[in-house]
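Worksheet for the structure shown next.
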Amino acid sequence: MQNAPEFYDEGMPCGVLTAEPLGRVLDYRAPEGGCWLGAFVQVPLGPRRVVGVVWGPAEGRFDRAKLRQIIRVLDAAPMRAELREFLTRLADYTLTQLPMVLRLATRVPGLADGPVTRKLLFRGDGLPDRMTDARARVMAALDEFGGAGLSPGELAQAAGVGTSVVRGLVAAGALQERAAPRDQPFARLDPARPGPVLSDDQARAAEALRKGQGGYGTWLLKGVTGSGKTEVYLEAVAETLRAGRQALVLLPEIALSAEFLTRVEKRFGAKPAEWHSGVTQAERRRLWRMVGQGCAQMVVGARSALFLPFQNLGLIVVDEEHDTSYKQEEGVFYNARDMAVLRGALNGAQVVLASATPSLETWANAQAGKYTRLDLTTRFGPNALPEMAAIDLRGQDLPTNRWISPTLQAAVTARLNAGEQALLFLNRRGYAPLTMCRACGHQIACTDCDARMVEHRFLQRLVCHQCGATAPIPTTCPECSAEDRMAPVGPGVERLEEEARALWPDARVAVLSSDLFGSARALKAQIEEIAQGGADIIIGTQIVAKGHNFPHLTLVGVIDADLGLSGSDLRAAERVFQLTRQVAGRAGRADKPGRALIQTSQPEHPVIRAILSGDEEAFWQAEADARQAMGMPPYGRLAGIILSGPELEAVFALGNALAQNDAPLRRINAQVFGPAPAPIARIRGQHRVRLLVKAAKGAPLQTALRDWTRPHKLGANMRLVVDIDPQSFY
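Counting from 1 along the sequence shown, just add 446 to a position and that's the residue number in the working numbering.
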């Protein structure tokens, strides 16, 4: 790619990479008028026309005269060298075929469409003879958009009038209709607008980020919950915009965006562009094109926003960088946190990793001096961190099928009497995690997965959380035919809601769980209503821990702090610590003091003690020491190999063949564990077997894995997936 010519004259051979699963660059002849390196093009592939990118020189394996010609160059800004290099290195790191990675960067509707225009309204030459209040609002609304044209419907909506008022202004010559490109630039953000007054802590951190602009660098912005990390990194955004560069802010949860967008609009006078599954296809197309033209200054998005074709990216912020949702575990297995650092380095951009409870990987990189650490040690304003205490369930008189202890019940009642909000946290969706026959002990399982069906009373169905299959809630045991003996076992948030309504019948109870909302818009609306005082008791899964600000919330009750401590997950302690500290931090974020009560049957557990003491550095150091002693990440390397197929014997045979022929791994002193059935050994009818490879930190793991897996042929309908740096082991 380094020696590729920048321009290919008509008829010259060039290499085109498509998102089709062919595994290589294809040779074509440049079209009439030639094409640039990085140009998005349409090419013939068999009988079809597909989209590709001019990737570099042709491989030259075919007679030039027999090469097919590129059909046309598409109306899109060429893919810049930094993005092509980013995709290439991501493919190499994750051992993914390059076309699959390219698909992440070209997943936009209408890319192959030609230039499309629509009719927009602009100010005309004169004013109407009679200026009514409604007409004045229309003209003012048009001016607010800085001269950018609006469609008749958009203008009427912005002014709060009917379209007949707009049509009247067109007829009077006050508005003029002109054809304009379908995809318009986003409203300009103004970095000169004054921001909020910062605390001393915030001001020092913001100044450090401002001074660091202009080149690559990665920062850990570590601040206690409520310390104002967002306001600090928005100052870095402002500095980026002043320099004429673009900023990207990644959020772990789509429901966070509503509150965040409001804060951005208040700071810069306009909303940023959004990129996530909740925006329309038309908005996705518009954003993709405008980012490539430099007409979208700031993007707020999910992890896939890393693959947008930024023209001049100067800053990447990964908010709540510890969050597990940044790891993609299908298709291309990558961690957006780590790939943000790579993209920042290739673009000469600053990278800010923000969290109150950073991942051990990020903490260790800061300790080693690879990242610069900025600490915010106090909450912004007068509000203090919540008081934290444990409720030892062994000493509570808790009836069967009850999960809210008397101590927690009394604390919630006191808050309700004071007109404040309480949050009950349980990281289990649905009504009950298990449905069992009390006559024979049979447990209802998914027919396609080795997983128990979860009862969801809101849906009146049993649901498999692995494949999404549903089934009616049975009244008769399918094993012994006993009637009316099927019983839910254990609590989910829906069952907790039932208990809360019984304990506090006059309270307004709201449940926040991703499966209870049909759209991201509905979830956002519920969060906004709660923040404005629209509920007395909030019951939620981990979605409530992700950055929400509920000013009236003063009590958090963690129903089962022990839930994640069992099992052999490498990161179990880290995740329980992070999640519990994060959810506790929702309390007392306004002018009233907060309290967090943690129900546990093992208050002496080191993780519970660390949560209560607040000595985070001691916790991270202890975790780091344990991982280092075992040679585990971030002080060693891991790769998961997931084999799947319809026949268990064939899948295990492949696993055994890999384990017995591990010479490429032994050359780098790597160890192979397995094969063994995956913890969930069957999903969607596919049997799953795992192997785990462990190597030293500096070992050339990808090369060894490639040499190890390449000779083995997959049987019919079998898959082999490599997960570098696995975050889960299901």
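From the three backbone atoms N, C-alpha and C, an ideal C-beta is built for every residue, glycine too.
Here the structure is a predicted model, which is why all the values come from computation and not from measurement.
Bridge partners - residue i, DSSP secondary structure assignment
{"i": "P918", "result": "R907"}
{"i": "F871", "result": "G986 and V1004"}
{"i": "Y780", "result": "Q774"}
{"i": "Q630", "result": "Per DSSP, none; premise fails for Q630."}
{"i": "A800", "result": "L667 and D765"}
{"i": "E833", "result": "R1041"}
{"i": "E623", "result": "L567"}
{"i": "D1015", "result": "In DSSP, D1015 forms no bridge with anything."}
{"i": "T1026", "result": "Beta-bridge pairing links T1026 to no other residue."}
{"i": "D838", "result": "T1046"}
{"i": "R475", "result": "P459 and Q515"}
{"i": "H998", "result": "H998 is not bridged to any residue."}
{"i": "Q1117", "result": "K1140"}
{"i": "Q889", "result": "M882"}
{"i": "F453", "result": "W482"}
{"i": "L759", "result": "Q692"}
Same chain, Cβ closer than 8 Å to residue i, five either side skipped, listed in chain order
{"i": "M744", "result": "L635, V683, L687, Q692, A693, L694, V695, V710, F714, P718 and A719"}
{"i": "L536", "result": "T542, V547, V778, Y780, M785 and L788"}
{"i": "R639", "result": "R713, F714 and G715"}
Own chain residues within Cβ distance below 6 Å of residue i, not counting five before or after
{"i": "E456", "result": "A476, E478 and G480"}
{"i": "N995", "result": "R1035"}
{"i": "C460", "result": "Y454, A476, V500 and A504"}
{"i": "A977", "result": "F996"}
{"i": "A1042", "result": "P832, M834, V1002, A1030 and A1033"}
{"i": "P451", "result": "none"}
Where the alpha helix (DSSP H) containing residue i begins and where it ends
{"i": "C854", "result": "Per the sequence shown, residue 854 should be read as Leu rather than Cys. First-last of the alpha helix (DSSP H) with L854: P852 to N863."}
{"i": "Q727", "result": "Q727 to Q739"}
{"i": "M546", "result": "L544 to A551"}
{"i": "P598", "result": "P598 to A605"}
{"i": "T578", "result": "That residue, T578, is in no alpha helix (DSSP H); it is neither H nor E in DSSP."}
{"i": "T708", "result": "S703 to F714"}
{"i": "A684", "result": "K675 to R688"}
{"i": "R539", "result": "The question names Arg, but residue 539 in the sequence shown is Tyr. A527 to T540 is the extent of the alpha helix (DSSP H) around Y539."}
{"i": "V1053", "result": "P1052 to S1059"}
Sequence-distant residues of the same chain with beta carbon closer than 7 Å to residue i, five excluded per side
{"i": "L463", "result": "V471, G498, V499, W501, L544, P545 and L548"}
{"i": "I1129", "result": "C895, Q912 and C913"}
{"i": "A605", "result": "R583, V584 and A587"}
{"i": "M899", "result": "T881, I890, A891, C892, L908, V909, C910 and A917"}
{"i": "A581", "result": "Sequence check: residue 581 is Arg here, not Ala. Counting only Cβ-Cβ distances below 7 Å, and skipping sequence neighbours, we find P574, V611 and L615."}
{"i": "V1029", "result": "F871, V990, A991, V1002 and V1004"}
{"i": "L566", "result": "G595, L596, S597, R624 and A626"}
{"i": "L1111", "result": "V1118, V1139, A1150 and W1154"}
{"i": "Y539", "result": "Q1148 and I1170"}
{"i": "D1008", "result": "T1046, S1047 and Q1048"}
Run of the beta strand (DSSP E) containing residue i, from where it starts to where it stops
{"i": "W809", "result": "Premise fails: W809 lies in the alpha helix (DSSP H), L806 to Q813, not in any beta strand (DSSP E)."}
{"i": "K565", "result": "T563 to R569"}
{"i": "A651", "result": "Element bounds for A651: not the beta strand (DSSP E) but the alpha helix (DSSP H), D646 to K657."}
{"i": "V745", "result": "M744 to G747"}
{"i": "T818", "result": "T818 to L822"}
{"i": "I1170", "result": "R1165 to I1170"}
{"i": "G461", "result": "P459 to T464"}
{"i": "A719", "result": "A719 to W721"}
{"i": "V611", "result": "First-last for V611: T609 to A617, but that is the alpha helix (DSSP H), not the beta strand (DSSP E)."}
{"i": "C426", "result": "An answer regarding residue 426 cannot be provided, because it is not within the stretch 447 to 1176 covered by the chain."}
{"i": "A693", "result": "Q692 to L696"}
{"i": "C883", "result": "L880 to C883"}
{"i": "E901", "result": "V900 to H902"}
{"i": "A956", "result": "V955 to L958"}
Proximity test, Cβ basis, 7 Å: residue i and chain C
{"i": "E685", "result": "The structure shown has no chain C; it contains just one protein chain."}
Cβ-heavy atom distance, residue i to the ligand MG, below 6 Å
{"i": "A868", "result": "Only the bare structure without any ligand can be found here, which leaves the ligand MG out of the picture."}
Which runs of the beta strand (DSSP E) at least 3 residues long sit entirely within the segment 1123-1161? Give them in chain order. 1132-1142
Write down every uninterrupted run of the beta strand (DSSP E) in the segment 1074-1114 whose length is 3 residues or greater and which is fully enclosed by it, in chain order. 1082-1091
Please give the ranges of any beta strand (DSSP E) in the segment 926-952, keeping only runs that are unbroken, at least 3 residues long and fully inside the region. 932-935
Any 3 or more C-beta pairs closer than 8 Å across the segment 662-675 and the segment 730-744: no
Which ranges would you report for the beta strand (DSSP E) in the segment 480-508 if only whole runs of at least 3 residues count? 486-491 and 494-502
Evaluate the contact criterion for the segment 793-802 versus the segment 763-770: three or more CB pairs, one atom per stretch, below 8 Å. yes
Sufficient close CB pairs (3 or more, under 8 Å) joining the segment 1093-1110 to the segment 1071-1081: With the cut-off at 8 Å, the segment 1093-1110 and the segment 1071-1081 do not touch.
Should the segment 982-989 be called in touch with the segment 947-965, which here means at least 3 C-beta pairs below 8 Å? Cβ pair count under 8 Å is three or more, so yes.
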